[in-house]
Amino acid sequence: MNMRDGPKIRLYVEHPLGDGQTIPLTRDQAHYLFGVMRLSEGGQVLVFDGQSGEWLAEVVDAGKRGGALRCVAQTRPLQMPPDLWLLFAPIKKARTDFIVEKAAEMGAARICPVQTEFTNSDRIRQDRLQAHAVEAAEQCGGTFVPHVDDLQRLDRLLANWPADRHLMFCDESLSGGATPAIDGRKGMPWAILIGPEGGFSQAERARLAGLPQAMPVSLGPRILRADTAAVAAMTLWQLSLGDWA
Ligand code: SAM
Numbered sequence: 002m003n004m005r006d007g008p009k010i011r012l013y014v015e016h017p018l019g020d021g022q023t024i025p026l027t028r029d030q031a032h033y034l035f036g037v038m039r040l041s042e043g044g045q046v047l048v049f050d051g052q053s054g055e056w057l058a059e060v061v062d063a064g065k066r067g068g069a070l071r072c073v074a075q076t077r078p079l080q081m082p083p084d085l086w087l088l089f090a091p092i093k094k095a096r097t098d099f100i101v102e103k104a105a106e107m108g109a110a111r112i113c114p115v116q117t118e119f120t121n122s123d124r125i126r127q128d129r130l131q132a133h134a135v136e137a138a139e140q141c142g143g144t145f146v147p148h149v150d151d152l153q154r155l156d157r158l159l160a161n162w163p164a165d166r167h168l169m170f171c172d173e174s175l176s177g178g179a180t181p182a183i184d185g186r187k188g189m190p191w192a193i194l195i196g197p198e199g200g201f202s203q204a205e206r207a208r209l210a211g212l213p214q215a216m217p218v219s220l221g222p223r224i225l226r227a228d229t230a231a232v233a234a235m236t237l238w239q240l241s242l243g244d245w246a
């Protein structure tokens, strides 16, 4: 289907999709489709559930507090992102939202907020951040939605770090040094680690230095804000090892 001629609305649904499958709508979804977007019965939308690719669906019931769609045909298969986790220390609300949105757009498979020694916040609203990831996938044409984890302590995560997962440790103390080539390990599980505004503590640096899977990386001669660093690191990784090549 040519997207220019087809429906523009993309909706993430938590319901299995398949030929002729009916999808019940939540109150919020019904409000958005029928109240905001003014769709009525027979109108078309694109839906995805994060597992079954993207489907063209038709409105079969348009109510005020609910409704239903029916799958007509698959328009795109599921496209999984590379096996990349983004670990980052939450910062201010708007900037944390930005990091989650960009991580979903740029192809992270999992988003892991981590509490480091210098992290200011000790809680996050996981449900709100997950909703940002869903919205980003709806906007960017993704068929997969990365899971946003609850906040967990970095030291505990590193204590059980998977043996086969490489870690691109974005280390501000290396700023100005050469950025090492990270290619040569394509197709393997990876993670990127971005610190908080205060950077990493000496203890965290020592812990990371002792982790064989960790590779310290410079992101150039300037100290970037954490949100900028997350986007820069993902760009670097996607170009060298991800699905941009
Ligand atoms: N307060 C720290 C300082 O002045 O050195 C800066 C922390 S920076 C705002 C937040 C995070 O972004 C860092 O912990 C690091 O993960 C990443 N970062 C920023 N600039 C970087 C660079 N040039 N090289 C590597 N990582 C960088």
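Here my numbering is used: the sequence shown runs in plain steps of one and ends on residue 246.
Beta carbons are placed, not taken as given, at the ideal position from N, Cα and C, and that holds for glycine.
Per-residue burial, residue i [other beta carbons within 10 Å of its own, 16 or more giving buried]
i: residue 189; result: exposed
i: residue 177; result: exposed
i: residue 65; result: exposed
i: residue 114; result: buried
i: residue 169; result: buried
i: residue 240; result: exposed
i: residue 4; result: Note that residue 4 scores a pLDDT of 44, beneath 50, so its modelled location is shaky and nothing firm can be said.
i: residue 20; result: exposed
i: residue 40; result: buried
i: residue 46; result: buried
Limits of the unbroken beta strand (DSSP E) element including residue i
i: residue 167; result: 167–171
i: residue 194; result: 191–195
i: residue 66; result: Unbroken run through residue 66: none, as it is neither H nor E.
i: residue 175; result: Unbroken run through residue 175: none, as it is neither H nor E.
i: residue 116; result: 111–116
i: residue 25; result: 23–26
Helix, strand or coil at residue i [DSSP, three-state]
i: residue 129; result: helix
i: residue 75; result: strand
i: residue 182; result: coil
i: residue 32; result: helix
i: residue 220; result: coil
i: residue 37; result: helix
i: residue 14; result: coil
i: residue 124; result: coil
i: residue 160; result: helix
i: residue 90; result: coil
i: residue 246; result: coil
i: residue 136; result: helix
Residue span of the alpha helix (DSSP H) that contains residue i, given as start and end
i: residue 232; result: 227–242
i: residue 107; result: 94–107
i: residue 205; result: 203–210
i: residue 47; result: Element bounds for residue 47: not the alpha helix (DSSP H) but the beta strand (DSSP E), 45–49.
i: residue 150; result: Looking at the DSSP string, residue 150 is not in any alpha helix (DSSP H), and its letter there is neither H nor E.
Separation of residue j from residue i, as counted between CA atoms
i: residue 78; j: residue 55; result: 6 Å
i: residue 76; j: residue 32; result: 25 Å
i: residue 58; j: residue 134; result: 22 Å
i: residue 50; j: residue 175; result: 41 Å
i: residue 160; j: residue 154; result: 10 Å
i: residue 43; j: residue 92; result: 44 Å
i: residue 1; j: residue 52; result: Here the chain comprises residues numbered 2 to 246, so residue 1 is not present and cannot be evaluated.
i: residue 34; j: residue 100; result: 28 Å
i: residue 112; j: residue 11; result: 22 Å
i: residue 24; j: residue 81; result: 23 Å
i: residue 109; j: residue 150; result: 13 Å
i: residue 242; j: residue 185; result: 8 Å
i: residue 70; j: residue 147; result: 24 Å
i: residue 201; j: residue 118; result: 7 Å
i: residue 27; j: residue 16; result: 11 Å
i: residue 165; j: residue 220; result: 24 Å
> Counting pairs of Cβ atoms below 8 Å between the stretch 230–242 and the stretch 187–206, do you hit three or more?
Replying inline: Touching, yes, given that three or more Cβ pairs across the two stretches are closer than 8 Å.
> Does the stretch 203–221 come close enough to the stretch 97–113 that 3 or more CB-CB pairs lie under 8 Å?
Replying inline: Flag = no, the stretch 97–113 and the stretch 203–221 do not touch.
> Any chance the stretch 221–229 sits against the stretch 121–131, with 3 or more Cβ pairs inside 8 Å?
Replying inline: Result no; under three Cβ-Cβ pairs closer than 8 Å.
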